[in-house]
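In the numbering used here, each residue carries its 1-based index in the sequence shown increased by 81.
I have placed the structure first, in the form of structure tokens, so that the comments after it can refer back to it.
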Amino acid sequence: MGRELRALDDVVRALGALRGDCGLPEVLEVVRTGLGYDYGSAWVVDDARGDLAFVAQSGELSAAVSRMSPGFRMPKGVGLCGLAWQRDGVLVLADAREHPATCERGEQAVRDGARGAMTMPLWRDGRVVAVLDFASREVRGEGPDQVLVLDVLARTVSQTLEARRSAAEIAQVARDQQAVTTSVTRVGACADEEAALRTALDTVREEFGWDYGSYWAVDPEARVLRFQVESGTAGEEFRRVTLSASFAEGVGLAGRAWRARDLVFVRDLGELTDCVRAPAAQRAGVRSGVCLPVVVGDEVVGTMDFFTTQTIELSDSRRGSLRNVARLVSQRLDILRAAARDRAASEALLGSVARLSESAAEAARVAEEAVAQTAAMAEEVRTLEESSSAVGDVIRVISSIADQTNLLALNATIEAARAGQAGRGFAVVATEVKDLAGGTSAATSRVEQQVADIQANTGAVSRGIDAVSTTIGRMDEVQARIGEVLDEQREMARAFRAS
Numbered sequence: 082m083g084r085e086l087r088a089l090d091d092v093v094r095a096l097g098a099l100r101g102d103c104g105l106p107e108v109l110e111v112v113r114t115g116l117g118y119d120y121g122s123a124w125v126v127d128d129a130r131g132d133l134a135f136v137a138q139s140g141e142l143s144a145a146v147s148r149m150s151p152g153f154r155m156p157k158g159v160g161l162c163g164l165a166w167q168r169d170g171v172l173v174l175a176d177a178r179e180h181p182a183t184c185e186r187g188e189q190a191v192r193d194g195a196r197g198a199m200t201m202p203l204w205r206d207g208r209v210v211a212v213l214d215f216a217s218r219e220v221r222g223e224g225p226d227q228v229l230v231l232d233v234l235a236r237t238v239s240q241t242l243e244a245r246r247s248a249a250e251i252a253q254v255a256r257d258q259q260a261v262t263t264s265v266t267r268v269g270a271c272a273d274e275e276a277a278l279r280t281a282l283d284t285v286r287e288e289f290g291w292d293y294g295s296y297w298a299v300d301p302e303a304r305v306l307r308f309q310v311e312s313g314t315a316g317e318e319f320r321r322v323t324l325s326a327s328f329a330e331g332v333g334l335a336g337r338a339w340r341a342r343d344l345v346f347v348r349d350l351g352e353l354t355d356c357v358r359a360p361a362a363q364r365a366g367v368r369s370g371v372c373l374p375v376v377v378g379d380e381v382v383g384t385m386d387f388f389t390t391q392t393i394e395l396s397d398s399r400r401g402s403l404r405n406v407a408r409l410v411s412q413r414l415d416i417l418r419a420a421a422r423d424r425a426a427s428e429a430l431l432g433s434v435a436r437l438s439e440s441a442a443e444a445a446r447v448a449e450e451a452v453a454q455t456a457a458m459a460e461e462v463r464t465l466e467e468s469s470s471a472v473g474d475v476i477r478v479i480s481s482i483a484d485q486t487n488l489l490a491l492n493a494t495i496e497a498a499r500a501g502q503a504g505r506g507f508a509v510v511a512t513e514v515k516d517l518a519g520g521t522s523a524a525t526s527r528v529e530q531q532v533a534d535i536q537a538n539t540g541a542v543s544r545g546i547d548a549v550s551t552t553i554g555r556m557d558e559v560q561a562r563i564g565e566v567l568d569e570q571r572e573m574a575r576a577f578r579a580s
């Protein structure tokens, strides 16, 4: 019992001395050497397949066992590890030869000299999540005290790993938050869509530890995703396939993210049977991939996918961080596209303002010409009024002469009557002169009325011209105000475009 306790104390001390980033392989080495076993291996529960998957091995029992272990898998209840998983407790064998092996690996270990053996499960939240097994070339003691000590050790190791896992998760959350912050800063500084996409790919790939990233844009007419830009490399063959590929909605990793409108993660690319890039990616050593949709205006406009040459699990924290990155990229593209539309609108507004300014200037020129023509017409009307007045004066003179002639004719008629037979010829002439004076007077009256009408009409025309001149003057004022407004609109459009 004392030997087991001393071994337990040594192992606990060694576990406490491990670096914060150490995991199951390092713990396996500490436990194996602390308990004095020749060989040890670590296995994790694969919930998807329902068996134990190899993680690491330490020391050596035989070359055959070391070669067999990495590809070996053990269902629950099969092999010593499977039995410990099934029984949910530590198993100790003093001599493995006395216990028939239940798997090929166990049989190989016994043939290669395994004698003492021990298996301990590791728990998380009361559930077995991993199993450690150990083998020795020497027969080992066994008993209830030893099992009790090893059970305490198994729970101590479980707690140590859980504490380290929690610390690692906290550290990863901090790194992921920093990665999101870095992405926000870099993408937010981009002035155009192409730069924003390239920066997003570079930043996510570098900050989250991916080997390759690419952006695929939705072709709205063909309704497929087409390659647009990449970051990093996954081999020339993979790149050739990428450049020629396209994905319909729901097809391949990118198409699935398009349809889901959410993050899609694939732990093993071999599961993607509908992706033309998967075979080339696997030949290039790519193992896991993730894809994020980019949504602008409630429409998926593209996807960003990232790949790594390691088989990884995506924690909830990292999923949340990647979703945040996708949202910020979507928001930035929305802002950039809105800005592009605004710039186009401002350019169109500037063009409209320029055309309106030209029209206003042309209207001003026409108004100036109209003012000049109106002034000339007014001058001509005034000249006509003066001429009409002169004609009126002449008519009055003619009327006066006609009156005097008529009076002379009347006097001549009277004198002819007095002269009798001798004045008869003179009387005829006097009568004709009288008739002529009467006709002249009548004609003069008609001309005088026409001149009066002309003067009245020219007065009306003159007043109309004055009114037109006044209206044109007001139009000039309006054109001036329009010009000022257009200048203000031009400055506003330029400021809008500059922003």
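Just so you know, even glycine gets a beta-carbon here, dropped at the ideal spot from N, CA and C.
Quick caveat, the model's predicted, so the values are computed rather than measured.
| query | result |
| --- | --- |
| Backbone secondary structure at residue 309 - three-state DSSP | strand |
| Residue 388 versus residue 368 - alpha carbon distance | 7 Å |
| 9 Å Cβ cutoff met for residue 383 and residue 298 | yes |
| Whether residue 195 touches residue 175 by CB criterion (9 Å) | no |
| Contact check, residue 221 vs residue 246, beta carbons under 9 Å | no |
| Inter-residue Cα distance where the pair is residue 421 and residue 153 | 58 Å |
| For residue 263 and residue 313, the rounded distance between their alpha carbons | 18 Å |
| Residues bridged to residue 384 [DSSP beta-bridge criterion] | 297, 374 |
| DSSP state of residue 415 mapped onto helix, strand, coil | helix |
| Secondary structure, beta strand (DSSP E): runs of 3+ residues fully inside the stretch 99 to 176 | 120 to 127, 132 to 140, 154 to 156, 172 to 174 |
| Supposed contact pair residue 177 and residue 191 - C-beta distance, whole angstroms, cut 8 Å | 5 Å |
| Pick from 134, 253, 362 that is closest to residue 581, judged by C-alpha positions | Because the chain in this structure spans residues 82 to 580, residue 581 falls outside the shown range and cannot be described. |
| Cβ pair count under 8 Å reaching 3, the stretch 273 to 288 against the stretch 300 to 307 | no |
| Complete runs of the beta strand (DSSP E) confined to the stretch 197 to 256 [at least 3 residues] | 197 to 205, 208 to 217 |
| Whole-angstrom distance between residue 402 and residue 394, CA atom to CA atom | 14 Å |
| In DSSP terms, what residue 332 is bridged to | Paired residues: none, contrary to the question. |
| Proximity winner among 250, 258, 113, relative to residue 238 (alpha-carbon distances) | 113 |
| Residue closest to residue 404, alpha-carbon to alpha-carbon, out of 346, 378, 111 | 346 |
| C-beta contact flag for residue 151 and residue 171 at 9 Å | no |
| Burial state of residue 214 (16 or more Cβ within 10 Å) | buried |
| For residue 343, the nearest candidate out of 380, 354, 547, 149 (CA to CA) | 380 |
| Beta-carbon proximity list for residue 583, same chain, < 7 Å, skipping 5 on both sides | For the chain, the structure presents residues 82 to 580; residue 583 sits outside this window and is missing. |
| Bridge partners - residue 389, DSSP secondary structure assignment | 369 |
| Three-state class that DSSP yields for residue 481 in the structure shown | helix |
| Alpha-carbon to alpha-carbon, residue 197 and residue 127 | 27 Å |
| Buried versus exposed, by CB contacts within 10 Å (16 or more), residue 432 | exposed |
| Of the residues 144, 131, 143, 148, the one placed nearest residue 157, counting alpha carbons only | 131 |
| Contact check, residue 187 vs residue 160, beta carbons under 9 Å | yes |
| C-alpha gap between residue 410 and residue 208, whole angstroms | 39 Å |
| Reduced DSSP category for residue 327 - H, G, I as helix; E, B as strand; rest coil | strand |
| Supposed contact pair residue 318 and residue 365 - C-beta distance, whole angstroms, cut 8 Å | 7 Å |
| Residue 235 burial status per 10 Å Cβ neighbour count (16 or more: buried) | buried |
| Candidates 169, 547, 229: closest to residue 457 by CA position | 547 |
| Range of the contiguous alpha helix (DSSP H) that encloses residue 357 | Premise fails: residue 357 is in no alpha helix (DSSP H) and is neither H nor E. |
| Counterpart residues of residue 346 in DSSP-defined beta bridges | 371 |
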